[in-house]
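Q: The opening position of the sequence shown corresponds to residue 1 in UniProt numbering, with each subsequent residue numbered one higher. Take a look at the following structure, please.
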Amino acid sequence: MASVNFNSQQVELLKQFVEICKKNPAFLHADELVFFREWIASMGATLPPPPTPEENIPKEEVKEETKPPEPEPTPEPAKEPEEEESEESAESDLEFDKEGCVEPDTDDPQPMGDPSIEITDEMRDKANELKQQAQEAMSEGKLEEAISLFTEAIVKNCKSAPLFHKRGRCYVKQKKPNAAIRDCTRAIEINKDSAPSYKWRGRAYELLGDWENSAKDLRVAARIDFDEQVNEWLHQVEPKAKRIAEHKRKYELKKEERELRKKKEKAKKAKEANERAKEEERKRQQQQSQFRGGMPGGFPGGMPGGFPGGMPGGFPGGMPGGMPGGFPGGEMPQGGMPEGAPNLTELLQDPEMMAAFQDPEVMAAFQDVSQNPANIKSYENNPKIKKIIDKLSKKFGKAGGGTGSQPPPQPPPTSGFGGGTVPDMDID
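Laid out in structure tokens, this is it:
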């Protein structure tokens with residue numbers, strides 16, 4: 001077999017290529033290596049499957065482009081179902097015997113007289129005469145005739161409470177509770193102590209199934225002038241009225257409890273929001289205080305006062321026009337930064353610089369370089385780090401080229417970023 005001579009460099013490159021393929025088999029599927037894949041396949045070797053499009057993306061890019069997982073929302077306490085209960089719904093689960101109740105009457109309101117006219121003795125006498133006739137008709141069961149006569153009497157004297165509650169009684173007997181309620185209410189307006197007016201209005205409410213108002217009026221009638229019939233009716237409606245009152249009270253208590261829970265929840269949320277705002281403000285002030293005291297975690301001692309200890313030899317190659325060789329011994333001249341030095345407040349207010357020095361990668365790089373300046377070469381191909389160093393170099397370069405009486409010594413020409421040397425300075 002013909003011998004092939006490889007020099008050491010070629011062997012080393014081959015070793016590196018094999019090592020790369022071991023660590024990342026997908027490298028074999030590069031378009032430039034099609035000849036190599038064909039040769040391996042001809043030897044009977046099995047190639048790993050080509051990577052998917054997602055696997056082709058470099059890990060760093062995936063890391064940058066992949067959105068961070070959204071924080072899981074804090075589960076809110078389960079809201080209890082609203083219990084907005086109207087009076088009708090509050091009574092919805094109560095069942096009563098509606099026997100004896102009637103549908104509400106919808107007739108037009110009956111004549112009520114003109115209360116603005118002056119009642120003469122002649123009109124009053126005529127009204128009393130008509131009332132007697134109406135009572136006779138009512139006793140004979142002639143309700144329509146009685147109502148008509150009572151109406152004529154009311155037109156003559158509309159300030160007589162008995163005329164209204166007697167006509168209201170006729171309406172109750174006719175099963176017209178709404179008309180009866182109108183008459184009895186007018187009678188009570190004329191005389192608030194008219195027991196018959198409360199009695200017949202209470203009975204009218206009972207016909208409508210309004211147990212609460214019925215019981216209320218019948219109690220007043222019994223208190224003003226006890227009546228056996230009133231007492232009988234009251235015993236019929238009072239148990240129902242009590243059940244409704246207790247039922248409504250139960251819902252009122254629930255409503256009060258619900259309102260109290262809402263207030264407590266609102267206060268709790270307000271407290272949590274206030275605490276979050278305080279915590280955010282504390283963090284913001286902490287970040288600001290860190291930048292006021294220097295770049296945290298960066299150059300030991302922070303920026304003010306110069307780079308302590310200097311970056312030995314300065315930034316390799318020197319900062320163009322400024323700080324070649326660093327400040328001897330890392331100490332600032334008396335009086336602080338020399339005239340023309342960069343405005344650190346302005347520097348730290350630069351949004352790009354502020355963002356950069358909150359980047360863990362940037363801070364780690366500057367920590368590394370501050371401890372071993374020679375390591376700056378390892379960041380020459382890192383555009384993020386190089387951009388920040390270039391920006392700092394420009395700012396310090398401007399400072400070094402200020403209006404001082406003696407310009408600082410200039411470094412010899414350099415071969416590029418990090419490739420120069422700094423002359424020794426005799427400080428004795």
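The beta-carbon is built from N, C-alpha and C at its ideal position, and this holds for glycine as well.
If I'm right that I376 touches V362 with Cβ under 8 Å, what's the distance once you round it to whole angstroms?
A: Incorrect: roughly 13 Å between the Cβ atoms, too far for contact.
Q: How close, in whole Å, do the beta carbons of Y221 and K199 come, if the pair is a contact with beta carbons under 8 Å?
A: Looking at the sequence provided, one finds Ala at residue 221 rather than Tyr. Between K199 and A221 the Cβ distance is about 4 Å, and since that is below 8 Å, they are a contact.
Q: Going by the CB atoms, is the gap between R182 and N157 shorter than 8 Å?
A: Their beta carbons are not under 8 Å apart, which means N157 does not touch R182 by this criterion.
Q: Helix, strand or coil: how does DSSP classify A30 here?
A: Residue state, collapsed to three classes: coil.
Q: Could you check the C-alpha separation between F17 and N382 for me, to the nearest Å?
A: C-alpha separation (whole angstroms): 23 Å.
Q: Using C-beta distances below 6 Å, list every residue in its chain close to Y205, excluding the 5 sequence neighbours before and after it, in chain order.
A: Closer than 6 Å at Cβ, skipping near neighbours: N213 and S214.
Q: Grab me the residues of A161's own chain with a C-beta within less than 6 Å of its C-beta, minus the 5 sequence neighbours each way, in chain order.
A: Hits under 6 Å: A187, I190, N191 and S194.
Q: Using the Cα positions of A245 and R284, report the straight-line distance between them to the nearest angstrom.
A: In a straight line, the C-alpha of A245 is about 58 Å away from that of R284.
Q: Spatial neighbours of G113 within its chain, please: CB distance less than 6 Å, with the 5 preceding and 5 following residues excluded, ordered by chain position.
A: For G113, where only same-chain residues beyond five positions count, the Cβ hits under 6 Å are I154, V155 and C158.
Q: Do you know how far the Cα of K263 is from the Cα of A270?
A: The straight-line gap from Cα to Cα measures roughly 10 Å.
Q: Going by the beta-carbon positions, is the gap between I388 and A356 smaller than 8 Å?
A: Yes, Cβ-Cβ distance for I388 and A356 is below 8 Å.
Q: Out of G209, T185 and E352, state which residue places its alpha-carbon closest to the alpha-carbon of C101.
A: That would be G209, whose Cα lies nearest to the Cα of C101.
Q: Can you tell me whether S370 is buried or exposed? The criterion is at least 16 other CB atoms within 10 Å of its CB, across all chains shown.
A: With 16 or more Cβ atoms within 10 Å of its Cβ, S370 is classed as buried.
Q: Quick one: is D217 buried, meaning 16 or more other Cβ sit within 10 Å of its Cβ, or exposed?
A: When all chains shown are included, D217 counts as buried.
Q: Decide if R282 is buried, meaning its Cβ has at least 16 other Cβ atoms within 10 Å, or exposed.
A: Classification for R282: exposed.
Q: CB-CB under 6 Å to V237, same chain, minus the five flanking residues each way: which ones, in chain order?
A: If we look at V237 and ignore the five residues flanking it on each side, its Cβ neighbours are E206, W211, S214 and A215.
Q: Report back the beta-carbon spacing between L163 and K126 to the nearest angstrom; my notes put them in contact at under 8 Å.
A: The Cβ separation is near 12 Å, so there is no contact.
Q: Using a Cβ-Cβ cut-off of 6 Å (strictly less than) and excluding sequence neighbours within five positions of P51, which residues of its own chain qualify?
A: So the qualifying residues of the chain are A26.
Q: Only counting the same chain, and skipping five residues up and downstream in sequence, which positions put a Cβ closer than 7 Å to that of L143?
A: These residues qualify, in order along the chain: C170, K173 and Q174.
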